[in-house]
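Residue numbers (UniProt numbering): 1 to 424.
Virtual Cβ for every residue (Gly too), placed ideally from N, Cα, C.
For clarity, every value in this text was computed on a predicted model and none was experimentally measured.
Down below is the structure, laid out as structure tokens.
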Amino acid sequence: MRFEIITHCGRRSDSACRNGFAYRYNTPTLHTRSLLADFRPSLQADSLTAVPPPQPHRPTPQDAPPAAADYGVYRILDASYNRASEGLRTIEDYARFVRNDPALSRHAKQLRHDLAAAFATLPRQHLLSARDTPGDVGTTIQTASEQIRPSAVAVATAAAARCQQALRSIEEYVKCIYPEVAPRIEAIRYQTYTLEAALQGLSQAAERLAGARLYALIEGGESNEALAQTIRTLATAGVDILQLRDKRLDDRTLYERTRAATAEVAAIDTAQRPLLIVNDRADIAAAAGADGVHVGQEELPLAAVRRIVGPDGIVGVSTHNLSQAQQAQRDGADYIGCGPTFTSRTKSFAEFPGLEFLKQVAKQLSLPAFAIGGIDATNVDQVLATGIPRVAVSAAITAAESPPQAAAELKQILSKWSLFAPRT
Ligand SMILES: Cc1ncc(COP(=O)(O)OP(=O)(O)O)c(N)n1
Ligand SMILES: Cc1ncsc1CCOP(=O)(O)O
Ligand SMILES: [Mg+2]
């Protein structure tokens with residue numbers, strides 16, 4: 001039976017790269033045995049009964065410098081590793097410092113560590129010795145699009161694309177030298193697609209949230225169709241966020257209403273599509289595919305809610321004083337409700353933090369904040385004067401003679417104010 005070694009790079013066995021070969025079974029010749037003995041001290045030629053599972057290469061001081069034929073491959077691996085690591089760090093910074101998203105931050109950090117662990121099995125001295133930045137002809141090649149970064153999420157999205165390309169390059173070229181590393185790189189690459197989706201998902205929801213001014217709290221109505229009709233008319237009137245808040249409904253009915261609302265919202269043209277938030281119930285929001293959930297100070301803590309709705313879910317928190325508002329931001333809330341501001345027809349309260357609380361929030365917090373409690377077209381200007389350009393209302397719309405007309409009037413007033421008023 002003859003035995004032939006071919007390299008993964010397709011080269012004949014006599015110039016095979018270290019560990020870079022597959023086995024096709026013939027009778028091992030004396031020459032092949034000595035070659036194998038040199039390549040794989042731990043592998044005996046006669047033990048080859050099938051394509052052996054790739055063993056991780058353990059870098060040793062005896063590792064010969066990269067063969068001239070592999071010098072370029074080591075340069076690719078070195079440059080691509082740096083590119084992928086830098087991309088993951090860029091994504092992690094966005095998740096941590098822009099989105100305050102612990103889950104997304106943790107995922108990006110973990111992938112960076114997984115990549116480092118995979119590369120730790122390669123002889124670092126070969127990678128470094130192959131590095132030739134001054135001689136790198138690519139450093140001066142620039143494209144116009146690389147200079148355009150309109151937003152932080154655009155930076156993170158571009159980093160994700162660079163990271164995927166670099167990982168693909170590593171995955172293919174490492175097969176020439178250390179094939180056992182390729183599956184580990186492939187696994188990391190697939191996770192960067194998930195990461196990019198989270199960025200996109202998060203950014204689309206985050207951008208829609210950041211642009212939201214008018215937030216309406218609505219009940220489940222008498223039927224799914226009645227609710228769907230309400231959603232259509234309020235979305236057309238300019239409501240940016242709809243919250244399904246109905247304490248009368250049992251779980252099953254609330255779930256069915258939420259499913260119907262999710263389907264209705266999805267059918268609305270993107271430009272007019274409101275975010276759909278469920279009051280209190282993270283489980284129903286997640287199960288029914290809503291955009292997120294709103295919880296009060298007495299409901300599940302944000303960390304638990306985040307585990308249920310995931311990194312893409314929008315989580316809003318009710319706050320009644322500055323300390324609660326600051327804590328909600330630290331916990332990673334995507335927005336906060338601040339109130340009650342005025343006496344409400346929908347819910348009774350013993351205390352009213354009022355306009356003063358709104359002024360504090362406007363000065364000291366950066367995440368979207370919606371004033372709530374007894375707000376309507378007659379007093380919304382007082383809210384806007386505090387520096388809070390966003391409101392959440394219930395009765396002002398749902399109890400109005402014409403809910404869509406009331407919504408449109410409120411939206412018109414709100415639209416005159418900048419969403420990013422300078423802090424005075
Ligand atoms: C946008 C918004 N802000 C505040 C609330 C109040 O939530 P919570 O304190 O949990 O009270 P209930 O709505 O559950 O009675 C909200 N729902 N939405
Ligand atoms: C649920 C809730 N939390 C604070 S105020 C409020 C009710 C908001 O309804 P309205 O706008 O009719 O006062
Ligand atoms: Mg609640």
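Q) Going by the C-beta, is residue 175 closer than 8 Å to any heavy atom of ligand 1? A) Translated into positions along the sequence shown, residue 175 becomes position 175. If you check the C-beta of residue 175 against ligand 1, you find no heavy atom less than 8 Å away.
Q: Leaving aside the five residues before and after residue 358 along the sequence, list all residues of the same chain whose C-beta is less than 7 Å from its C-beta, in chain order.
A: Translated into the one-based positions of the sequence shown, residue 358 becomes position 358. Closer than 7 Å at the Cβ level, and outside the excluded window around residue 358, lie 338, 341, 371, 383, 386 and 388.
Q: Compute the beta-carbon to beta-carbon distance between residue 87 and residue 166, rounded to the nearest angstrom, for a pair I have assumed lies under 8 Å.
A: By one-based count along the sequence shown, residue 87 stands at place 87. By one-based count along the sequence shown, residue 166 stands at place 166. The C-beta separation of residue 87 from residue 166 comes to about 7 Å, placing the pair in contact by the 8 Å criterion.
Q. Ligand 2: which residues have Cβ under 6 Å from any of its heavy atoms, chain order?
A. Cβ atoms closer than 6 Å to ligand 2 belong to 217, 339, 340, 344, 345, 346, 347, 372, 373, 374, 375, 393, 394, 395 and 396.
Q) In whole angstroms, what separates the C-alpha of residue 267 from that of residue 256? A) For the purposes of this step, residue 267 is taken as residue 267 along the sequence shown, with counting starting at 1. For the purposes of this step, residue 256 is taken as residue 256 along the sequence shown, with counting starting at 1. Residue 267 and residue 256 have their C-alpha atoms roughly 17 Å apart.
Q | For residue 140, the first and last residue of its enclosing alpha helix (DSSP H) | A | For this step, residue 140 is matched to residue 140 along the sequence shown. From DSSP, residue 140 is part of no alpha helix (DSSP H); its letter is neither H nor E.
Q: With DSSP collapsed to three states, give me the class of residue 178.
A: On the sequence shown, position 178 is the one that residue 178 refers to. Three-state result, residue 178: coil.
Q. For residue 277 versus residue 286, is the C-beta spacing smaller than 9 Å?
A. For the purposes of this step, residue 277 is taken as residue 277 along the sequence shown, with counting starting at 1. For the purposes of this step, residue 286 is taken as residue 286 along the sequence shown, with counting starting at 1. Taking 9 Å as the Cβ cut-off, residue 277 and residue 286 do not qualify as a contacting pair.
Q) Say the cut is 8 Å; is the CB of residue 100 nearer than that to a heavy atom of ligand 3? A) Position 100 of the sequence shown, counted from the first residue, corresponds to residue 100. Taken from the Cβ of residue 100, every heavy atom of ligand 3 lies 8 Å or farther away.
Q) CB-CB under 6 Å to residue 322, same chain, minus the five flanking residues each way: which ones, in chain order? A) The sequence position of residue 322 within the sequence shown is 322, counting from 1. Taken in chain order, the residues that qualify are 360.
Q) Within the chosen definition, does the segment 116-129 reach the segment 91-98 through at least 3 CB pairs nearer than 8 Å? A) Per the Cβ contact rule, the segment 116-129 is not in contact with the segment 91-98 (fewer than 3 Cβ pairs under 8 Å).
Q: Look at the Cβ atom of residue 329, then the Cβ atom of residue 365, and state whether they are nearer than 9 Å.
A: As a first step, residue 329 is located in the sequence shown; it is residue number 329 there, counting from the start. As a first step, residue 365 is located in the sequence shown; it is residue number 365 there, counting from the start. The answer is yes: Cβ separation under 9 Å.
Q) Does ligand 5 have a heavy atom nearer than 8 Å to the CB of residue 380? A) Ligand 5 is not among the ligands present in this structure, which contains only ligand 1, ligand 2 and ligand 3.
(Q) At a cut-off of 8 Å, would you count residue 370 as near ligand 1, judging by its Cβ distance to the nearest heavy atom? (A) Indexing the sequence shown from 1 puts residue 370 at position 370. Indeed, a heavy atom of ligand 1 lies less than 8 Å from the Cβ.
Q: Put residue 216 into one of helix, strand or coil per three-state DSSP.
A: The residue labelled residue 216 in the question sits at position 216 within the sequence shown. Of the three classes helix, strand and coil, the one that applies to residue 216 here is strand, per DSSP.
Q) Just the residues with CB closer than 5 Å to a heavy atom of ligand 3, in chain order, which are they? A) Summarising the contact set, residues whose Cβ lies nearer than 5 Å to any heavy atom of ligand 3 are, in chain order, 280 and 296.
Q.
Here's a check: name, in chain order, each residue in its chain whose Cβ is nearer than 6 Å to the Cβ of residue 281, leaving out the five neighbours to either side.
A. Residue 281 sits at position 281 when you count from the first residue of the sequence shown. Taken in chain order, the list of residues that qualify is empty.
Q) Which residues in the same chain have their Cβ closer than 7 Å to the Cβ of residue 61, if we skip the five residues on either side of it in sequence? A) Position 61 of the sequence shown, counted from the start, is the residue given in the question as residue 61. With a pLDDT of only 44 at residue 61, under the threshold of 50, the placement of this residue in the model should not be trusted; the figure read from the coordinates follows. Residues of the same chain with a CB within less than 7 Å of the CB of residue 61, apart from the 5 flanking positions on each side, do not exist.
Q: Excluding the 5 residues preceding and the 5 following residue 110 in the sequence, name in chain order all residues of the same chain whose CB lies nearer than 8 Å to its CB.
A: Taking the first residue of the sequence shown as position 1, residue 110 is located at position 110. Excluding positions up to five away in sequence, the list is empty.
Q: Buried or exposed for residue 78, please, with buried defined as at least 16 other CB atoms from any protein chain shown within 10 angstroms of its CB.
A: One-based indexing of the sequence shown puts residue 78 at position 78. Within a 10 Å sphere around the beta-carbon of residue 78 sit 16 or more other beta-carbons, which makes this residue buried.
Q. Do you know how far the Cα of residue 159 is from the Cα of residue 193?
A. To locate residue 193, count along the sequence shown from 1; it is residue 193. To locate residue 159, count along the sequence shown from 1; it is residue 159. Spanning the two alpha carbons is a distance of roughly 12 Å.
Q. Between residue 227 and the rest of its own chain, which residues show a CB-CB distance below 7 Å, the 5 nearest in sequence each way excluded?
A. Counted from its first residue, the sequence shown places residue 227 at position 227. Leaving aside the five residues that flank residue 227 on each side, the residues in its chain whose CB is nearer than 7 Å to its CB run, in chain order, 220, 221, 257, 260 and 261.
Q: Could you check what DSSP says for residue 187 in three-state terms: helix, strand or coil?
A: Start at 1 with the first residue of the sequence shown, and residue 187 comes out as number 187. Residue 187: helix per DSSP, three-state reduction.
**Q.** Bounding residues of the beta strand (DSSP E) (the contiguous stretch that carries residue 133)
**A.** If you number the sequence shown from 1, residue 133 lands on position 133. Segment: none, residue 133 is in no beta strand (DSSP E) and carries neither H nor E.
**Q.** 7 Å Cβ shell around residue 174 - same chain, five flanking residues per side excluded
**A.** The residue given as residue 174 occupies position 174 in the sequence shown. Here the set comprises 77, 181, 182 and 185.
(Q) Using a Cβ-based criterion (distance less than 8 Å to any ligand heavy atom), does residue 436 qualify as near ligand 1? (A) Because residue 436 is not part of the residues shown, which for the chain are 1 to 424, the question remains open.
Q) Closer than 8 Å: is that where the CB of residue 196 sits relative to any heavy atom of ligand 1? A) Position 196 of the sequence shown holds residue 196. Not one heavy atom of ligand 1 is found less than 8 Å from the C-beta of residue 196.
Q | Inter-residue Cα distance where the pair is residue 170 and residue 235 | A | For the purposes of this step, residue 170 is taken as residue 170 along the sequence shown, with counting starting at 1. For the purposes of this step, residue 235 is taken as residue 235 along the sequence shown, with counting starting at 1. Inter-residue distance for residue 170 and residue 235 is about 47 Å (C-alpha atoms, whole angstroms).
Q: Kindly indicate the opening and closing residues of the beta strand (DSSP E) around residue 335.
A: Looking up residue 335 in the sequence shown gives position 335. Residue range 335-338 is occupied by the beta strand (DSSP E) that includes residue 335.
(Q) Measuring only the C-alpha atoms, how far is residue 355 from residue 380? (A) Start at 1 with the first residue of the sequence shown, and residue 355 comes out as number 355. Start at 1 with the first residue of the sequence shown, and residue 380 comes out as number 380. Going from the Cα of residue 355 to the Cα of residue 380 covers about 11 Å.
Q. DSSP state of residue 224, grouped into three classes?
A. Translated into positions along the sequence shown, residue 224 becomes position 224. Secondary structure at residue 224: helix, using DSSP grouped into helix, strand and coil.
Q.
Which residue marks the beginning of the alpha helix (DSSP H) containing residue 119, and which one marks its end?
A. As a position in the sequence shown, residue 119 is number 119, starting the count at 1. 102-119 is the extent of the alpha helix (DSSP H) around residue 119.
Q) With respect to the alpha helix (DSSP H) encompassing residue 344, which residues constitute its N-terminal and C-terminal limits? A) For the purposes of this step, residue 344 is taken as the residue at position 344 of the sequence shown. In the DSSP annotation of this structure, residue 344 is not part of any alpha helix (DSSP H), being labelled neither H nor E.
Q) To which residues of the same chain is residue 309 closer than 8 Å at the C-beta, ignoring the five residues directly before and after it? A) By one-based count along the sequence shown, residue 309 stands at place 309. Close CB contacts of residue 309 within its chain, under the 8 Å cut and outside five residues either way in sequence, are with 282, 285, 286, 292, 293 and 315 (chain order).
(Q) Is the beta carbon of residue 390 closer than 9 Å to that of residue 404? (A) Reading the sequence shown from its first residue, position 404 is the one you call residue 404. Reading the sequence shown from its first residue, position 390 is the one you call residue 390. Residue 404 is not a Cβ neighbour of residue 390, given a cutoff of 9 Å.
Q) Which residues mark the beginning and the end of the alpha helix (DSSP H) in which residue 249 is found? A) The sequence position of residue 249 within the sequence shown is 249, counting from 1. Run containing residue 249: none; DSSP gives neither H nor E here.
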